[in-house]
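Enquirer: Start counting the sequence shown at 370; every next residue gets the next number (this note's numbering). The beta carbon of each residue, even a glycine, is placed where N, CA and C say it ideally should be.
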Amino acid sequence: MTGTLVQRIEREIKKCKREYPESWAMKYFGNFMCHLPEGLYRKGKFYDSDFKQWGEKHSKLMKSQTIGQVHHVIDNIISKKGIDLENMIRLQITWREKKDNTALSELYDIATPIYIKLREMGYNHYPDLTA
């Protein structure tokens, strides 16, 4: 593919929306929402801020950080980009409780700039962000 990373990601998402209009968000982003505030990877038995056991397919950047550090990076991006955190959390809860694809699609429309910034920083699509 030619073009910048951002252009490639935008093309991939556009293609995914066209091919999977109802489920594009899950098809493209997989478990990325689990890393967002209120996400599954941030709470309960799944969360250990010091977790750092990454596989060989993870990026060098991911391997150099704990999961808590990765989530701190995400929180900083949200803050710097002025993303409405309350709305993001509301959409996550709506998805979790009602499995509402509209809420999920809206959540990922909001989260796409976060994802793009993480990719620009050196995180891999898979497994770093979507596994």
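By alpha-carbon positions, which one of Ala500, Asp497, Thr481 ends up nearest to Glu381?
Expert: If you number the sequence shown from 1, residue 381 lands on position 12. It is Thr481 whose Cα lies nearest to the Cα of Glu381.
Enquirer: Please state whether the Cβ-Cβ distance between Pro406 and Ile458 is less than 7 angstroms.
Expert: As a first step, residue 406 is located in the sequence shown; it is residue number 37 there, counting from the start. As a first step, residue 458 is located in the sequence shown; it is residue number 89 there, counting from the start. Yes.
Enquirer: Does DSSP classify Tyr477 as helix, strand or coil?
Expert: Here residue 477 refers to the residue found at position 108 when the sequence shown is read from its first residue. Correct three-state label for Tyr477: helix.
Enquirer: Is it buried or exposed for Gln376, if we count other Cβ within 10 angstroms and need 16 for buried?
Expert: Residue 376 sits at position 7 when you count from the first residue of the sequence shown. Exposed, by the Cβ-count rule.
Enquirer: Just the C-alpha distance for Asp444 and Tyr416, rounded to the nearest angstrom, thanks.
Expert: Taking the first residue of the sequence shown as position 1, residue 444 is located at position 75. Taking the first residue of the sequence shown as position 1, residue 416 is located at position 47. The alpha-carbon atoms of Asp444 and Tyr416 are separated by roughly 16 angstroms.
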